[in-house]
Amino acid sequence: MSRFPENFLWGGAIAANQAEGAYLEDGKGLSVEDVAPHGWKGRPTSEPTSDNLKLVGIDFYHRYKEDIRLFAEMGFKVFRLSIAWSRIFPNGDETEPNEAGLAFYERVFEECAKYGIEPLVTLSHYETPLHLSTTYDGWRSRKLIGFFEHYARTVFARYKDKVKYWLTFNEINSITHAPFLSGGIYTPLEELSKQDIYQAIHHELVASAKAVKACHEIIPDAQIGCMVLGMPIYPLTPAPKDVLKALETERENYYFSDIQVRGYYPSYTKRFFEEQDIQLEMTEDDLASLKETVDFISFSYYMSTCESTDPNQETGEGNILGGVPNPYLTASEWGWQIDPEGLRYYLNNLYDRYQKPVFIVENGLGAIDKLVELSDGSKTVNDEYRIQYMNDHLVQVSEAIKDGVEIMGYTSWGCIDLVSFTTAELKKRYGMIYVDRQEDGSGTLNRYKKKSFYWYKEVIESNGATLVE
Ligand code: BG6
Numbered sequence: 005m006s007r008f009p010e011n012f013l014w015g016g017a018i019a020a021n022q023a024e025g026a027y028l029e030d031g032k033g034l035s036v037e038d039v040a041p042h043g044w045k046g047r048p049t050s051e052p053t054s055d056n057l058k059l060v061g062i063d064f065y066h067r068y069k070e071d072i073r074l075f076a077e078m079g080f081k082v083f084r085l086s087i088a089w090s091r092i093f094p095n096g097d098e099t100e101p102n103e104a105g106l107a108f109y110e111r112v113f114e115e116c117a118k119y120g121i122e123p124l125v126t127l128s129h130y131e132t133p134l135h136l137s138t139t140y141d142g143w144r145s146r147k148l149i150g151f152f153e154h155y156a157r158t159v160f161a162r163y164k165d166k167v168k169y170w171l172t173f174n175e176i177n178s179i180t181h182a183p184f185l186s187g188g189i190y191t192p193l194e195e196l197s198k199q200d201i202y203q204a205i206h207h208e209l210v211a212s213a214k215a216v217k218a219c220h221e222i223i224p225d226a227q228i229g230c231m232v233l234g235m236p237i238y239p240l241t242p243a244p245k246d247v248l249k250a251l252e253t254e255r256e257n258y259y260f261s262d263i264q265v266r267g268y269y270p271s272y273t274k275r276f277f278e279e280q281d282i283q284l285e286m287t288e289d290d291l292a293s294l295k296e297t298v299d300f301i302s303f304s305y306y307m308s309t310c311e312s313t314d315p316n317q318e319t320g321e322g323n324i325l326g327g328v329p330n331p332y333l334t335a336s337e338w339g340w341q342i343d344p345e346g347l348r349y350y351l352n353n354l355y356d357r358y359q360k361p362v363f364i365v366e367n368g369l370g371a372i373d374k375l376v377e378l379s380d381g382s383k384t385v386n387d388e389y390r391i392q393y394m395n396d397h398l399v400q401v402s403e404a405i406k407d408g409v410e411i412m413g414y415t416s417w418g419c420i421d422l423v424s425f426t427t428a429e430l431k432k433r434y435g436m437i438y439v440d441r442q443e444d445g446s447g448t449l450n451r452y453k454k455k456s457f458y459w460y461k462e463v464i465e466s467n468g469a470t471l472v473e
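Residue numbers (my numbering): 5 to 473.
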């Protein structure tokens, strides 16, 4: 028996910068991603370089019709994508939007509507216009609040009849580690003080709340959520010191959702600010704006991690926010530790904390896939490992539903292969649809259905009944 509610939103997710390509087409301006050929760790290049795979992506810009048709074939109820801010406002600080950019997403949403697929749209998914970064140092400047609100109001007004699910900032908590790609901050991380970073975060949180308010005003029947990088942090040992350290580190992440869901700074920030010597500049208007809270909480989930007070414990690989590896878990080829039960644990924690609906908007396995030819000449990928990963995570989602957590839906990350975010590679594939584009930029860009394509189709058709516990 399926435990998934009848209206459960099954689907997949992509982001503009990792899929669209066409980085300068139809008036688009440069975004921070266009000058980050090697992911979040390197410094930006002075201009786009040919080794930046995102400049072409998977050419979703020209192939969206074919891709959405494939999503429909899998039975998607929802498709998460982002709007590239720099397609709408090429520099970010203009008054008038770029009509060609607006028209592009209009066509995409119309295509979704043909198949009854609800778009779930992220306003900002690591795509700050580059000009805002180089001229204002990104979110360090209070001016970005106004620019972002103007952008948000523009797209809400334009798509109010077409989009009913919105998210503000993708993985908003990643800014502490990746200030350039996450917060458009041009100054290198090592030159930034905690004060600088938390002031930028404050601006982003105010901007997010203003977008929430605008959405509620312009599209009263829409729902808008926050989006955090979800990563449960376990104490490495039961030593009380480790437990407390895990609590503190977890709060560094809850900080973002606490403010976006509750509408004010939580009490634990007082001590944190004192100890870190942070004095935020906050206006009365900021505090009033923050009170406009999100309708639901969305998050990405790939892994959990551990925290320890032992200085000899080394940090492992992970989704931006690394941590100490858990000796009880195995890892993906990229060293991200696989923890399906952590998803149930995290869902329960979020719901216990906020009693608001939650939406899993990213989850999946980045792996090296091999395209093989079958006897009938067709090509596919036998990605049993991905099916196993997704099955195990979805079983835990169903357990969380049984626990009483209100879950709106699940959009698997990179439902079609795309360029990875952290390392900007193409060989790290997440899709249920293989895209023939290789690490050296070669390939036909043809799409092929992987084994997981047919598996996910059945999961959706049966509303989760075919999952194996
Ligand atoms: C999240 C991002 O960090 O994880 C996505 O929101 C990203 O943009 C995904 O692609 C997986 O990370 P990666 O580096 O494997 O692509």
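Where a beta carbon is used, it is the ideal one built from N, C-alpha and C, also for glycine.
Distance cut-off 6 Å: residue i Cβ against heavy atoms of the ligand BG6
| i | result |
| --- | --- |
| S212 | no |
| S446 | no |
| N21 | no |
| E321 | no |
| G435 | no |
| G187 | no |
| S416 | no |
| E131 | no |
| T426 | yes |
| S304 | yes |
| G370 | yes |
| N257 | no |
| E175 | yes |
Integer Cβ distance of residue i from residue j, believed to fall under 8 Å
| i | j | result |
| --- | --- | --- |
| M235 | T313 | The Cβ separation is near 19 Å, so there is no contact. |
| E321 | W340 | 6 Å |
| G142 | G188 | 3 Å |
| F3 | G16 | The question about residue 3 has no answer, for the chain in this structure spans 5 to 473. |
| T426 | G43 | 5 Å |
| L378 | Y393 | Not confirmed; about 23 Å, so no contact. |
| F93 | P52 | Actually they do not touch by this definition, with Cβ atoms about 19 Å apart. |
| G105 | G31 | 6 Å |
| L193 | I263 | Between I263 and L193 the Cβ distance is about 22 Å, and since that is not below 8 Å, they are no contact. |
| Q203 | E278 | That pair is no contact at about 16 Å. |
| Y130 | L171 | The Cβ separation is near 13 Å, so there is no contact. |
Element boundaries [beta strand (DSSP E), containing residue i]
| i | result |
| --- | --- |
| C230 | 227-234 |
| I437 | 437-439 |
| L127 | 122-128 |
| W14 | 13-17 |
| W417 | 411-417 |
| F300 | 300-305 |
| K453 | 451-453 |
| E279 | Element bounds for E279: not the beta strand (DSSP E) but the alpha helix (DSSP H), 272-280. |
| Y169 | 169-173 |
| T158 | Segment 147-163 is the alpha helix (DSSP H) holding T158; no beta strand (DSSP E) there. |
| T309 | 309-311 |
Delimiting residues of the alpha helix (DSSP H) encompassing residue i
| i | result |
| --- | --- |
| W89 | 89-92 |
| Y434 | Note, Y434: premise wrong, no alpha helix (DSSP H); not H, not E. |
| F113 | 103-118 |
| H42 | H42 -> no alpha helix (DSSP H), and no H or E assigned at all. |
| S2 | Residue coverage of the chain in this structure runs from 5 to 473, which leaves residue 2 outside it and unanswerable. |
| D290 | 288-294 |
| Q22 | 20-23 |
Closer than 6 Å: residue i CB and nearest the ligand SAH heavy atom
| i | result |
| --- | --- |
| A104 | Within the structure as shown, the ligand SAH is missing, the only ligands being the ligand BG6. |
For a minimum of 3 consecutive residues, which ranges assigned as the beta strand (DSSP E) are wholly contained in the stretch 55-87? 82-86
Only counting runs of 4 or more residues, tell me where the alpha helix (DSSP H) segments fall wholly within the stretch 325-406, in order along the chain. 344-358
Completely contained alpha helix (DSSP H) runs for the stretch 177-260, where each covers 4 or more residues: 183-187, 198-222
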